[in-house]
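Peer 1:
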Amino acid sequence: MENKFLYGKRILITRSYYQAKELSDLIKNYGGVPIELPSIKIIPPSDWKDLDSALHNIKDYDYLIFTSVNGVKHFFLRFKKMGGKIIDLKDLKVIAIGPKTAEAITSRGLTVSLMPQEYKAEGIIALFSKGEIEGKKLLLPRSKIARKILPEKIKEYGGSIDVVEAYQTVASFESRKEIVSLLENKEIDIIVFTSSSTVKNFAKILEPYGKFDLLEDLTIACIGPITAGTVREYGLKVEIIPEKYTIKALVKALVEYYQS
């Protein structure tokens, strides 16, 4: 039982299946029971037009910004399909929002030029001075629905930015009945949200049942303050937010919460 501070805790993971493994494995290491029932799924963009146009003109950009692993994955899938080569990106300054995103970039043979200390949009903004990107052209491939603060600040600083849809995050309803059953029977101790989209789409899953109040008695953990803010919009209390906005830090925060 040594170091099994999550022993027996049933922890609902709401992120997509293909991204859940690291979180599940870490939870198991501390004796917890991960339950993977995603509230989201990742699908292609509604239209490839904007991304394709950006890829055709990729050498016109000065910066390429990635704010998620999903953005990296779907950008490169389309880039490769269109016959793009890594050498075509060699003159770009590449920005990764955090270490996992950076790892996804470097694993594809591209160098990360910049990464903020704080792994959110505001951290990327802090990398620039007002004059530094004036007249520069930036490309931001991301999901259809995302915060506006980054492109707005880039424009305020005199940069030109193309925000293109590389993928969509939509609600996954396949596990709806199982999720509701687990909540109604009080078989969940902790629920983990790793993005605002996991929160919003979880709400969509529960909406027809009017069961969102079932979360009130659970321990809610969020990967960072933006996600936590989304949870609070639904009138719920967030118990756990790590100092660093990573999966490892999130599990560490869970352990420390129960350890104390």
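Quick note: the sequence shown uses the numbering used here, first residue 1361, plus one each step. Beta carbons: idealized from backbone N, C-alpha and C, even for Gly.
Once the 5 residues before and after Gly1391 are set aside, which same chain residues still bring their CB inside 6 Å of it?
Peer 2: Answer for Gly1391: Lys1364, Leu1366, Tyr1367, listed in chain order.
Peer 1: Please classify Thr1558 as buried or exposed, where buried requires at least 16 neighbouring CB atoms within 10 angstroms.
Peer 2: Buried, since its Cβ has 16 or more Cβ neighbours within 10 Å.
Peer 1: Buried or exposed: where does Gly1491 fall if 16 or more other Cβ atoms within 10 Å of its Cβ makes it buried?
Peer 2: Label assigned to Gly1491: exposed.
Peer 1: Quick check on this structure: which residue in Val1523, Ser1541, Gly1495, Tyr1421 has the alpha carbon closest to the alpha carbon of Ala1506?
Peer 2: The option with the nearest alpha carbon to Ala1506 is Val1523.
Peer 1: Report the option in Glu1616, Tyr1618, Gln1619, Ile1607 whose CA atom is closest to the CA atom of Ser1384.
Peer 2: Nearest of Glu1616, Tyr1618, Gln1619, Ile1607 to Ser1384, Cα basis: Ile1607.
Peer 1: Does Leu1437 pass the burial test, meaning 16 or more other C-beta atoms within 10 Å, or should it be called exposed?
Peer 2: Exposed is the call here.
Peer 1: So Gly1518 packs on Ile1493, CB below 8 Å; how close in whole Å?
Peer 2: Contact flag correct, Cβ pair sits at about 7 Å.
Peer 1: From the DSSP output, read off the bridge partner residues of Tyr1423.
Peer 2: Paired residues: Lys1453, Leu1498.
Peer 1: What does DSSP give as the partner residue(s) for Asp1522 in the beta ladder?
Peer 2: The partner list for Asp1522 (beta bridge, DSSP) reads Leu1499.
Peer 1: Would you grab the beta carbon distance between Ile1457 and Tyr1423 for me? Rounded to a whole angstrom, and I think it's under 8 Å.
Peer 2: About 13 Å separates the two Cβ atoms, so there is no contact after all.
Peer 1: Quick check on Tyr1617: does DSSP put it in helix, strand or coil?
Peer 2: Here Tyr1617 sits in helix by DSSP.
Peer 1: How big is the Cα-Cα spacing for Ala1462 and Ser1520?
Peer 2: About 23 Å.
Peer 1: Can you tell me which of Glu1534, Tyr1421, Ser1556 puts its alpha carbon nearest to the alpha carbon of Gly1495?
Peer 2: Cα-wise, what sits closest to Gly1495 is Tyr1421.
Peer 1: Can you name, in chain order, every residue of its own chain whose Cβ lies under 7 Å from the Cβ of Tyr1377, other than the five neighbours on each side?
Peer 2: Hits under 7 Å: Glu1396, Pro1398.
Peer 1: Should Ser1428 go down as buried or exposed, given a rule of 16 or more other Cβ atoms within 10 Å for buried?
Peer 2: Under this definition Ser1428 is a buried residue.
Peer 1: What three-state label does DSSP hand Tyr1377 in the structure shown?
Peer 2: Three-state DSSP puts Tyr1377 in a helix.
Peer 1: Measuring only the C-alpha atoms, how far is Lys1604 from Lys1497?
Peer 2: The alpha-carbon atoms of Lys1604 and Lys1497 are separated by roughly 30 Å.
Peer 1: Out of Gly1469, Leu1487, Leu1470, which has the shortest C-alpha to C-alpha gap to Pro1476?
Peer 2: For the residues Gly1469, Leu1487, Leu1470, the minimum Cα distance to Pro1476 belongs to Leu1487.
Peer 1: Identify whether Leu1474 lies in helix, strand or coil by the three-state DSSP scheme.
Peer 2: Looking at Leu1474 - three-state DSSP - the assignment turns out to be strand.
Peer 1: Between the alpha carbons of Tyr1617 and Asp1412, how many angstroms are there, rounded?
Peer 2: Straight-line Cα distance between these residues: approximately 46 Å.
Peer 1: Buried or exposed: where does His1434 fall if 16 or more other Cβ atoms within 10 Å of its Cβ makes it buried?
Peer 2: Looking at its Cβ environment, which holds 16 or more other Cβ atoms inside 10 Å, His1434 is buried.
Peer 1: Could you have a look at Lys1480 and say whether DSSP puts it in helix, strand or coil?
Peer 2: Lys1480: coil per DSSP, three-state reduction.
Peer 1: Excluding sequence positions up to five away, which residues of its chain have a Cβ less than 8 Å from the Cβ of Lys1460?
Peer 2: Result list for Lys1460: Val1429, Thr1606, Ile1607, in chain order.
Peer 1: Bridge partners for Tyr1527 per DSSP, in chain order?
Peer 2: Answer is Ser1503, bridged to Tyr1527.
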